[in-house]
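Remarks on the structure that follows.
Right under this line is the structure:
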């Protein structure tokens, strides 16, 4: 490890681009509005943060980037004009999907993959070929049909082609050959084969993932080229540019351009890493990350490690995308979520949202519905003078008006009898929605949230974190410094990581030990090659995490267990590991039922540079030097509101060792930390607040 | 007695905030129960199609919470618990003595509340401080229950031919496994490992529900939860009444036909729906429908006719695509809806008639209720959907003399809608299962799927055309037996307001020499030999509005996408396509003529 590595993280959001520079134990942050072409604000921000830190661009070792370019292309149904070549008889696989309606109780709804198909039917061509389990060719590939189909597509102006054949995860020959032919004939056309993108069974999900990849690859690679060019122009030629992926690892521009579908949860994954980092640097193993912004909140549970989402639940913008991604639950609760009564006097918070624009009522931009942020304003938790450094004018009267009109005047209910009570009711329901989500992710999997620390960040997170902890009976909360740029900080901790997997689908007793070992080895080699292409010394720095997915023969959902090799009685070992996991997940297991080995996985990663926490100046326990003012703030529930005289502190002036007794509020540029009565905050050397009770 | 929504709102006792909080908790518990079941189940009809239900009920059998899975399971657990109490009474048992902590009951009798006998409910009592306070329950469609034919069955003499029937049968008695019952099941079904495994998964999921619910009781208090669930019922009820009040008062009547009963091929069966709206109340009378039939093609009233009716009304009146509010998943929304069916009729058969195969009748029932509503509120309905699925069980015996059974739901399509075309190839109106991946089928069974794609040229023409049904070709790689529970081979789906009908479905047995045998919509234990093929073509949706009002660009897009030919564009839509584009002038002339 070289001393004093200089790394810059740049996380692009819909409104702002967050930048963080770390030089040893020094940290510099910067925020700027995202430009239409985000490569501009990214490069500008990277340059600006260097200037502020007094560091020359050529000194920078790496730029780590969280991007929404691919995600936006999928959600907004943009991207390249895409074609598909698929097995005869299966032209409509991505249109039929799983023949399920996206709303159960509905006649009028649309199904996204039908109303906005990833590939229009006219650009889906079929060719004669067929592979059948266990991988035999029952009909050879008709190469002339491939040439014809590709020529027709190119003629129509298609820029990118997805090649999707049945059972290609068992035998890649036909897809590989098809790619070769297309590349021979049309070298400028981008080709994605389903076995390269995600070699797993279940054709709809694999085809959909491949089509997404094909659709966004040309967009992504030209974006990354532009970014590289701009950075080069600014003098960052020497820096490695790395892109955050959904799995929490980073990839080189080369890999991210080939498999951009792996970057779809780039930002949220960086958020989880940031929470993990905050936990680690405060010696907390088990944490729940809580990242709340203007329109939604991302929640993830880390029982000492990152958890991956079940591939069958992985989707982007209602299209399945089954590449490995961190298990992040997004719920529609953000600062802009609207509180409203429906026709039957049911009280709802969200899913309607005023977003960042027009934003909460207090922004005065035309929204007159009360939002979560408006509730915080009338309770006195948001200070109009310091909000976003005073850059944005907010009018508390508008918040009050909205709550009065839409909630207090709407019902004859004790809990909505005053503006204050109504505002507390908004928070009660908003917090309860978030509580349900955490509960689903912890207790349903046998994790006890009371053993966890809750890490809160994002623009709105630190206002709700202690409330949420109270609901969950959690007694420890962590708030990192500058929580509004939380995700960017997470970028700094990402390892380079490439996941490869293959479907085996064999009964455990019929699995040949040598074959198993061989296939794991070939996945390992593939990952090693990818790392080597990024200039990594594989022998020295690479780590390979090997695992297998098992299920009882006949089940539909696999469980992932660690692969421990084929020494000794390996079959019994696999069986024991699997049964233990099954018992933990579902409460039972079967002693005699046959176990199937479904998928083999190898995650290849390279040791990243240690990111040492910054250290802030230390001081005494007394925080009074940082106090800015004090005024009444409401806490409690809408049944029993309690008003407390509450001091406010400026976070910039706090020193390590300062202790703040709740109720108190800590303000900083992009965020407000609320410390409830009976809780106490301690400023850690890293600048993070540890709030306990 | 009629009621209006405002009166119902007045009856609520808990404030809106607590209601949301407890309501969210209850939903989460019921959802988790179902989720665990799906994840750990063996049979694809549970794990892929998700044909299950889950819920919590009071000790007396009133619903507290329910999971959101396939609509046909909605509310059926209430009927099953009711059926258990009827059983205790008939047996002269005192429920207080029979029901003990640690018991697990199974129940699947179609004349005692079950949806149909393959749906076995697992029902476990919840005790708190020694008192029986609630039930947790799950329902799941099992792969085989030892009926006359593997998996599914249509041509059955009576309910006793359905296979293995259970009425409030204990599989655990005060924590002790009742081995005799487990042995009985194992020895009487064709796929014992699958059925026993899935029952175990159901039991585990009831256990999880019990644990979570007791946690909630500790936190909130049982009385508070009961009050909240009652208020949530009232909330659901008032939401529904408000929507019914918007429908013009009156009686709306529609009739349709089913192909046959699975034995008497020439006798079609009448389905008759009379829908009466009176303020905030809705009555659906099915009494004009056919008499019960002497095969398995009858519909359990409480377990199927009622849920299907409730479901379709909810989908039309509180459509979640056009409603943002939280709609509680409980039976309160059904309170304003009264379903009636004459005893001894197709929708309310008497003992000992069999009611194993009931899905097509309720598919048509849903479609006719929707059609009746289209007389009053066409902006919330659609043209005719499918409405049928082909429910097919494939089976055979492998080299170890063990049975393999695979049950497949073949979807249909939605009719054209007021604002948009019908959905293509989706599960029929009153259910919402998932198909099984072709790769999964081929990895597990000796079948090869030669195609699975949309059925071109069949969608009902209209300003908003119907959705496309699908076609599937299955090649048998070994000798196999199938049973088809299907309908709609004689009648297509109806068009609305100038929209065109869509043609009926079609099933064929194709032999290696090319000989084609057309199959009826229902067969029981039909044989295919290795190398034979089976062709399935499902019904597309009917058109909505005059096809000549369809924008020519959309017609041209359909042509480019291969859904229609130039000839269809001209004949059905009056759109003239020449040399890679629409001839707008010729189109105008044709459309005006």
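Protein chains in written order, with this note's numbering: chain W, 1 to 693; chain P, 694 to 1286.
Just so it is clear, CB atoms sit at the ideal spot from N, CA and C, and this is done for glycine as well.
- For residue 133 of chain W, the C-beta contacts it makes with chain P under 7 Å involve 1135 and 1136, in order along the chain.
- In the DSSP annotation of this structure, residue 110 of chain W is not part of any alpha helix (DSSP H), being labelled neither H nor E.
- Of the other Cβ atoms in all chains shown, 16 or more fall within 10 Å of the Cβ of residue 1145 of chain P; this residue is therefore buried.
- If you draw a straight line from the Cα of residue 1182 of chain P to the Cα of residue 1229 of chain P, it comes to about 11 Å.
- In the three-state DSSP reduction, residue 318 of chain W falls in the coil class, being neither helix nor strand.
- Note on geometry: alpha-carbon atoms of residue 1199 of chain P and residue 510 of chain W lie some 41 Å from one another.
- Near chain P, meaning a CB-to-CB distance below 8 Å, the residues of the region 501 to 526 of chain W are 505.
- Residues of chain W with a Cβ closer than 7 Å to the Cβ of residue 1128 of chain P are, in chain order, 98 and 99.
- DSSP places residue 348 of chain W in the uninterrupted beta strand (DSSP E) bounded by 347 to 353.
- Beta-bridge analysis with DSSP links residue 50 of chain W to no other residue.
- By the C-beta density criterion, residue 873 of chain P is exposed, having fewer than 16 other C-beta atoms within 10 angstroms.
- When the Cα atoms are used, residue 90 of chain W and residue 315 of chain W turn out to be separated by approximately 22 Å.
- The alpha-carbon separation between residue 500 of chain W and residue 526 of chain W amounts to approximately 8 Å.
- For residue 536 of chain W, there is no enclosing alpha helix (DSSP H), since its DSSP letter is neither H nor E.
- Not one beta carbon of chain P lies nearer than 8 Å to the beta carbon of residue 146 of chain W.
- Going by C-alpha positions, residue 443 of chain W is about 7 Å away from residue 449 of chain W.
- Here residue 1058 of chain P is near residue 1002 of chain P, since their CB atoms are less than 8 Å apart.
- Cβ-Cβ distances below 6 Å link residue 705 of chain P to 924 and 927 in the same chain, with the five nearest sequence neighbours on each side left out; the list follows chain order.
- Within the region 1021 to 1042 of chain P, no residue places its CB atom closer than 7 Å to a CB of chain W.
- Within the region 331 to 414 of chain W, the complete alpha helix (DSSP H) segments of 4 residues or longer fall at 372 to 378 and 396 to 403, listed in chain order.
- Beta-bridge analysis with DSSP links residue 1099 of chain P to P/1087.
- Residue 1009 of chain P has a beta carbon lying within less than 8 Å of a beta carbon in chain W.
- The same chain holds no residue with a CB closer than 6 Å to that of residue 878 of chain P once the five nearest residues on each side in sequence are set aside.
- Against chain P, a Cβ distance below 9 Å from residue 334 of chain W picks out nothing, because the smallest value is about 16 Å.
- Per the coordinates, the alpha-carbon of residue 1052 of chain P lies some 52 Å from the alpha-carbon of residue 462 of chain W.
- Here the C-alpha atom of residue 803 of chain P lies approximately 11 Å from the C-alpha atom of residue 1041 of chain P.
- For residue 1001 of chain P, there are no C-beta contacts with chain W under 7 Å, since the nearest C-beta of that chain is about 13 Å from it.
- In this chain, the alpha helix (DSSP H) harbouring residue 875 of chain P covers 872 to 881.
- Proximity of residue 1125 of chain P to chain W, defined by a Cβ-Cβ separation below 8 Å, is satisfied.
- Against chain W, the beta carbon of residue 890 of chain P has neighbours under 8 Å at 552, 554, 590 and 593, listed in chain order.
- If you look at residue 937 of chain P, you'll find it in the alpha helix (DSSP H) that goes 915 to 938.
- In this structure, residue 1218 of chain P keeps its C-beta atom at 8 Å or more from the C-beta atom of residue 1241 of chain P.
- Within a 10 Å sphere around the beta-carbon of residue 151 of chain W sit fewer than 16 other beta-carbons, which makes this residue exposed.
- If only uninterrupted beta strand (DSSP E) runs of at least 3 residues are considered, those enclosed by the region 780 to 847 of chain P are 797 to 800, 812 to 821 and 824 to 834.
- Under the three-state reduction of DSSP, residue 1179 of chain P is assigned to coil, being neither helix nor strand.
- Legend: CB atoms of the region 895 to 906 of chain P lying less than 7 Å from CB atoms of chain W belong to residues 897, 900 and 901.
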